[in-house]
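Taking the working numbering, the leading residue of the sequence shown gets 1, the next gets one more, and so forth. We treat Cβ as the ideally placed atom computed from N, Cα and C, and that holds for glycine.
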Amino acid sequence: MKGWMGKLRAFILLGSLAFVLSGCGRDNLTALVPKGYGAHISMQLIILTTVVMTFVFLVVIVLYVIVLTRFRKKKGDPVITPEQVEGNKTLEAVWTIIPIILVVIMAVPTVFATFHLADDSDAADHININVTGNQYWWHYDYQNEEIATSQDLYIPVNTKVYIHLITNDVLHSFWVPSLSGKLDANPENENTLYIEAYEEGVYFGKCAELCGPSHSLMDFKIVVVSEEEYDQWVADMQNFNSEELDLDPVAQEGKELFEEKACISCHATDTQNYSAGSVPIGPDLTQFGDRSRFAGFLDPTKENLVKWIQNPESLKPGNLMTGAYPKLSDDEADKIAEYLLQLKPSSVTAESKEDQS
Ligand code: CUA
């Protein structure tokens, strides 16, 4: 009875785990449905190792079952001491060499792929973006295009895009599972990887290095657009001037408050003063109104934004915006939110691509 109950318990536990975990996958946040070159290579390595491991597993299980059934002591069998094989050179050699061969089968392609994906010798012929990790947001500096932005990274489809990765504070790790492997952001030595997306759409990125209390909220997006859309987006970003916006009176007051309350000393609102290599104190808000999320994970509604402006700590603990500016009334936060949502430089947006993907 007891054994039966144990089995039932194990069955229920495994069953519910399978049920819960099967909900974990998301099409644009999984390494198992590759949509880019790096992820595709990783997937091939995953398949290779899984095949090798399954082979080992099956061989062990088959041997185990044979031993258990064929060499079982039956009723009436005499008690014997089995032949001792300790020190048998042939056997020792067999079970040393087989694992070595298996490890080599997995290691050679893995090492080859790692060096292949880290090869940046042709970087000068492609798009190069300096990516800087910050607690808890990402800054993007498009070197040749001379534009900067944060959080939503726009790239063209089927094109090599080199990411030059560094951090401004603690270690972070840049990871877009659907498109490529993860890469650490170190404070000094720059790490490089390239992304080549096969399909347009919005892909979810995660920081994959524990970097503080809001590490799990350090999300970002990669917006993969067609080549024409990319050129359009770059031109829109280059030409966007927040001083020339045609704002309604509330947003205009918001703009003035944004300057008065010193928000502007940390956040850029257009790329007119772009300077190569400089990372702002806070996220660049040039395309804030076009973002698919803000603060990494919040839906860009005015209600969320007002809450965020008034008390960022309640939503994203440990962020550096908390306490960096005077307290704002409901009315002031509302006006600033109204202004920020007007920062829409381009008709090419994450939202328009999200609908497609
Ligand atoms: Cu940045 Cu975790």
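Beta-carbon proximity check, residue i vs residue j, cutoff 7 Å
| i | j | result |
| --- | --- | --- |
| GLU196 | GLY36 | yes |
| ALA39 | SER173 | no |
| VAL202 | ALA350 | yes |
| ASN130 | HIS164 | yes |
| VAL176 | LYS353 | no |
| VAL348 | GLN252 | no |
| ASP236 | SER346 | yes |
| GLY282 | LEU343 | no |
| TYR162 | ALA123 | yes |
| LEU102 | VAL62 | no |
| THR50 | MET106 | no |
| VAL132 | ILE97 | The residue asked about is misnamed: residue 132 is Thr in this sequence, not Val. No, the Cβ-Cβ distance between THR132 and ILE97 is not below 7 Å. |
Cβ-based burial, residue i [other Cβ within 10 Å; buried from 16]
| i | result |
| --- | --- |
| ASN128 | buried |
| ASN88 | exposed |
| THR90 | exposed |
| SER312 | Here residue 312 turns out to be Pro, not Ser, going by the sequence shown. It counts as buried. |
| SER278 | exposed |
| SER150 | buried |
| ASN28 | buried |
| GLN287 | buried |
| TYR361 | There is simply no residue 361 to check, as the chain begins at 1 and stops at 357 in what is shown. |
| GLU332 | buried |
| SER242 | buried |
| LEU32 | exposed |
| MET5 | exposed |
| LEU58 | exposed |
| TRP308 | buried |
| PHE204 | buried |
| PRO34 | buried |
| TRP138 | buried |
| LYS302 | exposed |
| ASP219 | buried |
| LYS206 | buried |
| ASP334 | buried |
Where residue i sits in the DSSP three-state scheme
| i | result |
| --- | --- |
| ASP231 | helix |
| ALA197 | strand |
| GLY15 | helix |
| PRO249 | helix |
| PHE294 | strand |
| SER281 | Strictly speaking, residue 281 in this sequence is Ile, with Ser absent from that position. Coil, per DSSP. |
| TYR37 | helix |
| PRO99 | helix |
| ASP169 | coil |
| LEU32 | coil |
| ILE155 | strand |
| HIS139 | strand |
| LYS206 | strand |
| ILE105 | helix |
| HIS267 | coil |
| HIS164 | strand |
| THR54 | helix |
| ASP331 | helix |
| GLY289 | helix |
| VAL67 | helix |
| VAL85 | coil |
| LEU45 | helix |
| VAL131 | strand |
| THR110 | helix |
| ASP236 | helix |
| VAL79 | coil |
| LEU117 | helix |
| LYS221 | strand |
| ALA350 | helix |
| ALA10 | helix |
| ALA93 | helix |
| ASP122 | coil |
| SER358 | Residue numbering for the chain in the displayed model covers 1 to 357; residue 358 lies beyond these limits and cannot be assessed. |
| LEU183 | strand |
| ASN377 | Residue 377 cannot be examined here, being either before or after the span of the chain that is shown, 1 to 357. |
Inter-residue CB distance, residue i and residue j (contact presumed, cutoff 8 Å)
| i | j | result |
| --- | --- | --- |
| LEU285 | HIS267 | 5 Å |
| TYR274 | ILE147 | 6 Å |
| LYS182 | ARG293 | Not confirmed; about 20 Å, so no contact. |
| GLN272 | GLU145 | Not really, about 14 Å apart at Cβ, beyond 8 Å. |
| PRO280 | ARG291 | Not really, about 16 Å apart at Cβ, beyond 8 Å. |
| TYR136 | HIS215 | 7 Å |
| LEU328 | GLN310 | 6 Å |
| ASP120 | THR192 | 5 Å |
| CYS211 | VAL170 | 5 Å |
(message) Under 8 Å: do the segment 185-200 and the segment 310-322 share three or more Cβ pairs, one atom per stretch?
(response) The segment 185-200 is not in contact with the segment 310-322.
(message) Check whether the segment 180-188 and the segment 335-352 are in contact - that is, three or more C-beta pairs closer than 8 Å.
(response) no
(message) For the pair the segment 226-238 and the segment 151-160, tell me if three or more CB-CB distances fall below 8 Å.
(response) yes
(message) Assess contact between the segment 101-118 and the segment 41-49, defined as three or more Cβ pairs (one per stretch) separated by less than 8 Å. Is contact present?
(response) yes
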